[in-house]
Amino acid sequence: MKRDVRSFLSGCLVTAVAISLTGTVAATVAQKTLTADYNNIKVTLDGQSVNLVDANGAAVEPFAVSGTTYLPVRAVANALGLNVAWDGNTQTVVLTSGNNTSENSSNNIGDYYVTVDSAKTTEDRDGNPVMIVTCTWTNNSDETTSAVMSLIARAYQNGVELDSAYMIDDFDSNTMTNLRPGASTQVQYAFELDGSSSAVEFEVFEAFTAGDTGSVTKTFTVG
1323 MKRDVRSFLS GCLVTAVAIS LTGTVAATVA QKTLTADYNN IKVTLDGQSV
1373 NLVDANGAAV EPFAVSGTTY LPVRAVANAL GLNVAWDGNT QTVVLTSGNN
1423 TSENSSNNIG DYYVTVDSAK TTEDRDGNPV MIVTCTWTNN SDETTSAVMS
1473 LIARAYQNGV ELDSAYMIDD FDSNTMTNLR PGASTQVQYA FELDGSSSAV
1523 EFEVFEAFTA GDTGSVTKTF TVG
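Counting from 1323, one number per residue, gives the positions in the sequence shown under the working numbering.
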C-alpha cells in the first residue's frame, strides 16, 4: 500500500504545491483563480491517522478544488518517510527515499540500519511532559560499537530542537550497550517537550558525519 501511495504522490502532489491558501494556481503561461474548499479532510495510512504538519510542526489541512482533493506535499512525504525538497529553477517538488532500489534502503545510515519504531508521551519525575522514542538499530560495521558512539538523535517541536530528558522510571536507554557486527537491539531516546500540542519531528543520523550518510526521520503527535 505504501508504494501505491508513493506513486500517487509522484503523480499529483506536484500540482498541489502550486496552489496557495487563497486558491490561486499558477499554470505554465497564465494564472487561474480557483475556490478551495476546506471540509476537515482527514488522511489515514494503513488505518492509522496521519498528523499533517509543515516543516515548523504547525498543522496543515488538505483541501478540495472542483471535487479533487489536494494534500500538502511535505506533510504527506514526512508521514511516508520520504525526503522532500523544492527546486525553484524547474518548479519541481523533489521526493526521494534515499535509494530508489529498495523499500527499506532509506533506513541505512552509513554502516548502520535504523528503524524508528514508536513514541510515547509521559512525564519526568518533576511532572514535566516528555516524549520517549524507541528505535531498533543494527550494527552493520566491522567493529563492535554502541549506539551512543555511532548515532546522533535529535527532536524538534515548533521548529526548535528539544533538550534531552533525564529519565529514571519507564525508560531503558540501552544506548551504551555494545553490539558485535551484525547484531541488533532496541534503544530509547527521551526529550523534554515544550508544553504545546505541536507534533514532534524526530531524526537520527550517523555520528561524526553531520548527516552526510543519510538520516531516518519520523513525525509523532503529542498526547
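We put the CB at the ideal spot given by N, CA and C, even for glycine.
Check, Outcome
"Roughly how many whole angstroms lie between the Cα atoms of residue 1544 and residue 1521?", "6 Å"
"Please work out which residues of its chain come closer than 8 Å, Cβ to Cβ, to residue 1563, disregarding the five sequence neighbours upstream and downstream, and give them in chain order.", "It is not possible to answer for residue 1563, since the shown part of the chain is limited to 1323 through 1545."
"Enumerate in chain order the residues of its own chain whose CB-to-CB distance from residue 1542 is below 6 Å, with the five nearest sequence positions on each side excluded.", "1441, 1522"
"When you compare only the Cα positions, how much space is there between residue 1533 and residue 1394?", "25 Å"
"Kindly confirm or deny that the segment 1451–1471 and the segment 1494–1513 touch, where touching means at least three C-beta pairs closer than 8 Å.", "yes"
"Answer yes or no: do residue 1514 and residue 1452 have a C-beta to C-beta separation smaller than 9 Å?", "yes"
"Taking C-alpha atoms, which residue in 1356, 1472, 1490, 1460 lies nearest to residue 1444?", "1490"
"Restricting to runs no shorter than 3 residues, where is the beta strand (DSSP E) found entirely within the segment 1491–1539?", "1506–1514, 1522–1528"
"Starting from residue 1487, trace the alpha helix (DSSP H) in both directions and tell me its first and last residue.", "Careful: residue 1487 lies outside any alpha helix (DSSP H) and carries neither H nor E."
"Can you list, in chain order, the residues of its chain with a C-beta nearer than 7 Å to that of residue 1486? Leave out the 5 residues immediately preceding and following it.", "1512, 1513"
"I'd like the list of long-range same chain contacts for residue 1509, defined as Cβ closer than 7 Å, with 5 residues on each side in sequence excluded.", "1457, 1459, 1469, 1495, 1496, 1497"
"What's the gap between the Cα of residue 1447 and the Cα of residue 1398?", "35 Å"
"Once you ignore the five residues that flank residue 1437 on each side, which residues in its own chain have a CB closer than 6 Å to its CB?", "1429, 1458"
"Just to check my reading of the structure: residue 1525 and residue 1434 have Cβ atoms closer than 8 Å, yes? What is that Cβ distance to the nearest angstrom?", "About 14 Å; that fails the 8 Å criterion."
"Using a threshold of 9 Å, state whether the C-beta atoms of residue 1431 and residue 1535 are closer than that.", "yes"
"Could you pull the start and end residues of the beta strand (DSSP E) that residue 1472 belongs to?", "That residue, residue 1472, is in no beta strand (DSSP E); its alpha helix (DSSP H) goes 1469–1472."
"Going by other Cβ atoms of all chains shown within 10 Å of its Cβ, with 16 needed for buried, is residue 1537 buried or exposed?", "buried"
"Indicate whether residue 1391 and residue 1363 have their beta-carbon atoms separated by less than 9 Å.", "yes"
"In whole angstroms, what separates the C-alpha of residue 1505 from that of residue 1484?", "30 Å"
"So, is residue 1482 buried or exposed, given that buried needs 16 or more other C-beta atoms within 10 angstroms?", "exposed"
"Starting from the C-beta of residue 1475, find all residues in its chain whose C-beta is less than 8 Å away, skip the five residues before and the five after it, and write them out in chain order.", "1455, 1457, 1511, 1524, 1525, 1526"
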